[in-house]
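Residue numbers (our numbering): 1369 to 2449. Remarks on the structure that follows.
Dropping the structure here:
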């Protein structure tokens, strides 16, 4: 007999019975052997939704949500549940001695009280009328969550944080007033969460709690995620509501840190100024820097900043204008104090200086109205820091053999200084963007500093590129004419951009076409020249034994890396022009000289990854053309161990010299991958900057560019390289197209690219080997996971571009704020993540097809570009193959899009010239859906609705109606069901199929899609997850489709001449197309 028999709250005849059950469960919480289960039941009561059964029966019972019975009521002679909740929370979360069962209970209990509080806040209108009793109960609930947040293990901080966020965002003045009483307790708790502590020793009082909840290797990540959650959901909102309290706490913390000095045990080397990053002093500085970032800005502005580029306006009913102004005065006074008391020498330790300067930047950036006077002083400190590079030279190692050109591009620094310099570069970018008007008068001085840093090799390449972006950002905002802006930028950028126009530059040589005759020997270039120059055709031992060869190649590699990354930085900022006029008069003329060399280099690098290129390499050098292990792990979502994280602190401040022969092969492999990625981004930005000219090119010229430069030899391109092209060049080619050029730049050309991509991905899935990621951690397993994840990403991107293309209506007009957003994202490092989230969000929203879809699905064939309906059949075949790929997300998206394509083409909501599907196409759809159910059947809740809708379309729209189903589709269904090892007789299956068919074609009462889906789910249940007959697999091979016919861009005679033309001729046509971008109109 169970102790408690579960009944849903709405089934109780009165609220009193609900109250009694809650009180009983709360009492059971005091029994150690039952409290975990009791907490689980309370959690179910809080999360269980009310059913509609009571309303349908029209029974007069209390239909109030269950959580209301925990709160704000009084039963004579009984204790209020909230009092019990507070007592249990106090006794549980103040426990210091570890107990495993107690730890499990506390985790569940923290979720219960957080969920209870969140529901009360969301439904406060219900409790508001109960007056003081409700306020008292809510006050006790706040106390209970404070106990959870204060536990020293931080294991329950996130649960409590969810409750506090609900209060802070509630817009309820009375609730915020109650919470304000506990801010003196909460602020120290939240600020303590900002500190990333070391993994505790066994003697630490909380060590047992930590050991039970987190592994040593994961402890730092746990603290990082916890503090990020607390800051985003609690600290930022608190700063906007109570600016003076939060600012005073942060300022006191800052002043305390300014007075701290390192202890002797904090030093890594007693005779050097380096402080261990694991010392409490550095951890406190790092925590202060993290806590101040965005928090000070929230206090100053009253807006909650979810990033440095976005703000969420929330009402601040407790903050009067006078209080807000007082907070700003406090902040400005502290900034003056900091600069008035700044000593001549900055902290000597790179780590301490990094956080010291970060705090000053956060203060000045946040105080937007009163701090321009400090900007110049702060910038001078930044420039001095970029020239500061202390390190310890490792003993017993020899210095590298340095070619004369190597020091210009290579600044040897220890790891701690690298972190410092990169932080300075980011801070300067943030500062200039926040205080642009204050910086414009010092533009020439800024240029002089940049020139000195670049010329003398101070800082690293990343920091120099950031400073270059700052210069361009300011130049585009100078109060002068476009011609003057262009002239200033041309002078500043000449050192980088002219490298793309020198005939002897490796960038030009490697991009040149291969010589076809003896007379053109001196112009020989291309992929063969690249292989020869870097020694890929030579034996590795022979290369490593030649010092002169290595010195020259290393210098070239460093120079090309410098030029390519600097060019990306330049292009990114030139794409941030404030108006179309500025883009046309400043940005476009500046990039004119690099367009042809950049696309030529892209063509060469695309050829580099082709399998046939590896055959020209020496076996000992073929690894250079493989994907780097870092890229593999990144694509496979496998976390790499940080070699610095757990290393000896001395290694962070030590420089170890290496012979250039030690890592020539691995460095060359990384360089070629980086050069390829940079070149793709450069060409991508060329499309964006010159879109008004690029897409205006004739279709035949765009055709040459696409098939000779952007995506040549798709069928043999490695999947990972193809994924890079698709994400960063092919998809942008679609998205950047202006609406007026859709008919000439997209409609005639994109079908052939999509066809090749679907063929390629379909073949990749055919040979993929699925790997259990949880069981694989070795390097070879990483490679297998990488291959699988690459194909998955490629499939997702392919469905995305298909969907984007069909819904595309033209690139939206550019606004000046877009440039600010893009630049901030690039510095923040958030572009990739937010881009993925944006894609996912967009894919889940309903779409409306645009002019491309109409051209493909309705008008195709009307202009002599193929048979009518050909593109509809082609797109259906592509997406039908995609739904069968073993990826539930891709399957769901492809099936959803496929149903949309069918509905749009056949105009189910109105008259249509093609009211039915051909029997062969309906059969293809059915077989594809059945295979998808078998392949991805374990994710039925996700894939089921769109697949059942697809089967429904195949049945309902087949040519011939019920007779067509009987002749063409019923045999397929029966064959599939017979191969499912199901005991149901074939006659029964046949009868169920006929019943479903009759339901679909019922003209008297049209069934809803939900009803049809449920009937199909029952009918096809034996098929889900069961292999189908091999004969149906063969039917779905899209490679069996006849190749698409290219549009007739010229006369038949000229078409034949073009087909007979040499590769060199086609390249000449493409180069001519690029050159015509800048022809005078």
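Beta carbons: idealized from backbone N, C-alpha and C, even for Gly.
| query | Would you call residue 2204 buried or exposed, if buried means 16 or more other Cβ atoms sit within 10 Å of its Cβ? | reply | Bear in mind that a pLDDT of 36 at residue 2204, under 50, signals an unreliable position, so the number given afterwards is only what the model happens to contain. Under the 10 Å beta carbon count, residue 2204 is surrounded by fewer than 16 other beta carbons and is classified as exposed.
| Would you say residue 2079 touches the ligand NAP, meaning its beta carbon is less than 7 angstroms from a heavy atom? | The model depicted lacks the ligand NAP and carries no ligand whatsoever.
| field | Residue interval of the alpha helix (DSSP H) (run including residue 2104) | value | Per DSSP, residue 2104 belongs to no alpha helix (DSSP H) and is neither H nor E.
| query | Since residue 2022 sits in a beta bridge, which residues does DSSP pair it with? | reply | 1760
| said: Buried or exposed, going by whether 16 or more other CB atoms sit within 10 Å of the CB of residue 2180? | reply: exposed
| said: Quick check on DSSP: helix, strand or coil for residue 1821? | reply: helix
| message | Tell me which residue opens and which closes the alpha helix (DSSP H) that residue 2377 is part of. | response | 2377-2387 is the extent of the alpha helix (DSSP H) around residue 2377.
| query | Can residue 2315 and residue 2263 be called in contact, C-beta distance under 8 angstroms? | reply | yes
| request: Using alpha carbons as the reference points, say which of 1790, 1459 and 2120 lies closest to residue 1834. | output: 1790
| message | Does the contact criterion of 3 or more C-beta pairs under 8 angstroms hold for the stretch 1642-1656 versus the stretch 1729-1743? | response | no
| Cβ pair count under 8 angstroms reaching 3, the stretch 2161-2181 against the stretch 2091-2110 | yes
| request: Note the first and the last residue of the continuous alpha helix (DSSP H) segment covering residue 1553. | output: 1551-1561
| field | Alpha-carbon spacing of residue 2440 relative to residue 1919, whole angstroms | value | 37 angstroms
| field | Distance between residue 1829 and residue 1665 (C-alpha atoms, nearest Å) | value | 30 angstroms
| task | Report the rounded CA-to-CA distance for residue 1457 versus residue 1660, giving the unit in angstroms. | result | 31 angstroms
| request: Look at residue 1955 and residue 2057 and say whether their C-beta atoms are less than 8 angstroms apart. | output: yes
| task | Find the nearest neighbour of residue 1777 within the set 1934, 1989, 1465 and 1740, judged by alpha-carbon distance. | result | Answer by Cα proximity: 1934.
| query | Tell me, which residues are paired with residue 1635 by DSSP? | reply | 1643
| said: Under 8 angstroms: do the stretch 2300-2317 and the stretch 2352-2369 share three or more Cβ pairs, one atom per stretch? | reply: no
| query | Got a sec? Which residues, its chain only, sit under 7 angstroms from residue 1574 by beta carbon, not counting five neighbours each side? | reply | Around residue 1574: 1520, 1521 and 1568.
| task | Quick one: grab the DSSP three-state call for residue 1698. | result | Three-state result, residue 1698: helix.
| query | Would you report the Cα separation of residue 2065 and residue 2382, rounded to the nearest angstrom? | reply | 52 angstroms
| request: Quick one: measure Cβ to Cβ for residue 1561 and residue 1595, integer angstroms, because I've assumed they're closer than 8 angstroms. | output: 5 angstroms
| task | Apply the 10 Å Cβ neighbour rule to residue 1557 and answer buried if 16 or more other Cβ atoms are within range, or exposed otherwise. | result | The residue in question, residue 1557, is buried, as its Cβ has 16 or more Cβ neighbours within 10 Å.
| If you draw a straight line from the alpha carbon of residue 2425 to that of residue 2068, how long is it in whole angstroms? | In this prediction, residue 2425 has a pLDDT of 48, which is less than 50 and means its spatial position is unreliable; what the coordinates show is noted afterwards. Answer to the nearest angstrom: the Cα atoms are 14 angstroms apart.
| query | Going by the CB atoms, is the gap between residue 2342 and residue 2291 shorter than 8 angstroms? | reply | In this structure, residue 2342 does not lie closer than 8 angstroms to residue 2291 by Cβ.
| Going by DSSP, which residues form a beta bridge with residue 2033? | Its beta-bridge partners do not exist; DSSP assigns none.
| message | To the nearest angstrom, how far is the alpha carbon of residue 1774 from that of residue 1928? | response | 12 angstroms
| Out of curiosity, what's the CA-to-CA distance linking residue 2451 and residue 1908? | Not covered by the structure: residue 2451. The range shown for the chain is 1369 to 2449.
| Counting along the chain, where does the alpha helix (DSSP H) carrying residue 1729 start and finish? | 1718-1734
| said: Let's test the definition: count the other Cβ atoms within 10 Å of the Cβ of residue 2044 and tell me whether it reaches 16, buried, or not, exposed. | reply: buried
| request: May I ask you to list the residues that DSSP assigns as paired with residue 1844? | output: Residue 1844 pairs with nothing; no bridge assigned.
| query | Which class does residue 2326 belong to by DSSP, given the choice of helix, strand or coil? | reply | strand
| query | Is residue 1672 helix, strand or coil when you go by DSSP? | reply | strand
| Alpha carbon to alpha carbon, how far is residue 1410 from residue 1390? | 8 angstroms
| said: Considering just the uninterrupted stretch of the alpha helix (DSSP H) at residue 2092, what are its terminal residues? | reply: 2087-2093
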